[in-house]
Amino acid sequence: IEVDPKEDLALLQFTGGTTGLPKGAMLTHYNLVSNAYMCNAWMNTEEGAEIHVNVLPLYHIYGMTVTMNNAIAAAGAMILIPRFDQKEVLGSIQKYKATVFGGVPTLYGALINHPDISSYDLSSIKFCISGASPLPPEVQKKFMELTGGVLVEGYGLTEASPVTHANPLDATLETVKIGSIGLTWPDTEAKIMHEASGVELPVDMVGELAIRGPQVMKGYWNDPEETAAVLKDGWLYTGDYAKRDEDGYFYIVDRKKDLIKYKGYSVFPREVEDVIYEHPAVKVAAVVGVPDKESGEMPKAFIVLKNGAEATEEELIEFVRERLAPYKRIRAVEFRDELPMTMVGKVLKKDLREG
Numbered sequence: 029i030e031v032d033p034k035e036d037l038a039l040l041q042f043t044g045g046t047t048g049l050p051k052g053a054m055l056t057h058y059n060l061v062s063n064a065y066m067c068n069a070w071m072n073t074e075e076g077a078e079i080h081v082n083v084l085p086l087y088h089i090y091g092m093t094v095t096m097n098n099a100i101a102a103a104g105a106m107i108l109i110p111r112f113d114q115k116e117v118l119g120s121i122q123k124y125k126a127t128v129f130g131g132v133p134t135l136y137g138a139l140i141n142h143p144d145i146s147s148y149d150l151s152s153i154k155f156c157i158s159g160a161s162p163l164p165p166e167v168q169k170k171f172m173e174l175t176g177g178v179l180v181e182g183y184g185l186t187e188a189s190p191v192t193h194a195n196p197l198d199a200t201l202e203t204v205k206i207g208s209i210g211l212t213w214p215d216t217e218a219k220i221m222h223e224a225s226g227v228e229l230p231v232d233m234v235g236e237l238a239i240r241g242p243q244v245m246k247g248y249w250n251d252p253e254e255t256a257a258v259l260k261d262g263w264l265y266t267g268d269y270a271k272r273d274e275d276g277y278f279y280i281v282d283r284k285k286d287l288i289k290y291k292g293y294s295v296f297p298r299e300v301e302d303v304i305y306e307h308p309a310v311k312v313a314a315v316v317g318v319p320d321k322e323s324g325e326m327p328k329a330f331i332v333l334k335n336g337a338e339a340t341e342e343e344l345i346e347f348v349r350e351r352l353a354p355y356k357r358i359r360a361v362e363f364r365d366e367l368p369m370t371m372v373g374k375v376l377k378k379d380l381r382e383g
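Residue numbering for the sequence shown follows our numbering, starting at 29 and increasing by one per position.
Set out below in structure tokens:
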């Protein structure tokens, strides 16, 4: 049997389904290997020397590429932790002198809230990577302050094997561009497109992020219509609103499907969530649009409080009101013990909207 690594299907990886039904992304051997070697190039990996602590599920594209394939491609060691436990993660980094750790924002949020995090020796870590969902600036800053290490945010999606962007690993608390997903990875191109006209937008203008590179999928399994909607002239249209600054750094504004239309105004949930995370009592926050007869949709926040913390709906509404324009304010708050999550810690906003 002849195998063409560039064309023959190696993996059907289903999307997370956070905004709709999961779709099967057709990834080739070439897609997956390309992304693993991009990862090594970006990390400046020392072959045979890196020790990864892996707590992410390896059947998810983020865990598969960034923690498993990356380690294998560089002959690295992997410390596998079956389930996330704060003490076990921190203890494993200290015990095995791990150099690389990949996680998601909810995981880093849990670690910074561990009362003994400062007592662990985490000095062996070269860098920590956050992906899968937006990293709240408050979580990033506090983690770097507590550990003295580097925590950088990257960006990817299942359709791109998954990584396309990440921040430089020589960042410090003073130099890191908080809120940025970073620069494009090796052999990867990105542009910001105007939705209606299809024209590429200049610096600081918000539009849809489009990606081109060897890691981009062949298409969706048995779904030519969806494939045609996202793959255009060799470019993958991500469904994410983003912008680029004059230094070439990209910023995700929000998912197109998560955009809230309040009285005709566009409200990006991520901007509101970043403000809510500044409140000292908040552990997890998610903002969605809920139907409203007067405004069409109104922003509603779903909140999980930190253990032992207290806050009222009125307090949080006022907290946001003082910091954002009137049309961006949350109109309701619902407190929950936990929010529905995917296997890698993305909030299932469609469940919140439907529930």
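Even glycine gets a Cβ: it sits at the ideal position worked out from N, Cα and C.
Tell me, which residues are paired with residue i by DSSP?
i, result
"His80", "Met106 and Val128"
"Pro319", "Glu325"
"Gln41", "Ala53"
"Val219", "For the record, residue 219 in the displayed sequence is Lys; it is not Val. DSSP lists Ala238 as partners of Lys219."
"Ala314", "Phe330"
"Tyr290", "Tyr293 and Gly324"
What are the boundary residues of the beta strand (DSSP E) that includes residue i?
i, result
"Lys374", "Note, Lys374: premise wrong, no beta strand (DSSP E); not H, not E."
"Gly266", "The question names Gly, but residue 266 in the sequence shown is Thr. Trp263 to Arg272 is the extent of the beta strand (DSSP E) around Thr266."
"Phe155", "Phe155 to Ser158"
"Lys284", "Where Lys284 is concerned, there is no enclosing beta strand (DSSP E), given that its DSSP letter is neither H nor E."
"Glu181", "Leu179 to Gly184"
Assign residue i to buried or exposed, taking buried as 16 or more other Cβ atoms, counted over all protein chains shown, within 10 Å of its Cβ.
i, result
"Ile63", "Here residue 63 turns out to be Asn, not Ile, going by the sequence shown. Looking at its Cβ environment, which holds 16 or more other Cβ atoms inside 10 Å, Asn63 is buried."
"Thr340", "exposed"
"His222", "exposed"
"Ala257", "exposed"
"Thr200", "exposed"
"Lys34", "exposed"
"Val17", "In the structure displayed, the chain extends from 29 to 383; residue 17 sits before or after that span and is not available."
To the nearest angstrom, report how far apart residue i and residue j are at their CA atoms.
i, j, result
"Ala218", "Glu116", "38 Å"
"Met326", "Leu135", "29 Å"
"Ala270", "Asn82", "29 Å"
"Val231", "Trp263", "19 Å"
"Asn97", "Gly336", "40 Å"
"Leu108", "Val227", "45 Å"
"Lys356", "Arg381", "18 Å"
"Val303", "Asn250", "41 Å"
"Ile145", "Thr175", "8 Å"
"Tyr58", "Met106", "23 Å"
"Met71", "Ser323", "47 Å"
"Gly130", "Lys321", "43 Å"
Could you give the residue range of the alpha helix (DSSP H) that holds residue i?
i, result
"Leu139", "Pro133 to Ile140"
"Val300", "Pro297 to Ile304"
"Arg349", "Glu341 to Arg349"
"Glu338", "No alpha helix (DSSP H) holds Glu338; DSSP gives it neither H nor E."
"Ala101", "Asn98 to Ala101"
Using a threshold of 8 Å, state whether the C-beta atoms of residue i and residue j are closer than that.
i, j, result
"Phe363", "Leu333", "yes"
"Gly182", "Gly137", "no"
"Ser189", "Leu60", "yes"
"Ile89", "Gln168", "no"
"Ser147", "Lys125", "no"
"Val375", "Ala309", "no"
"Tyr24", "Glu202", "In the structure as shown, the chain starts at 29 and stops at 383, and residue 24 therefore has no counterpart that could be examined."
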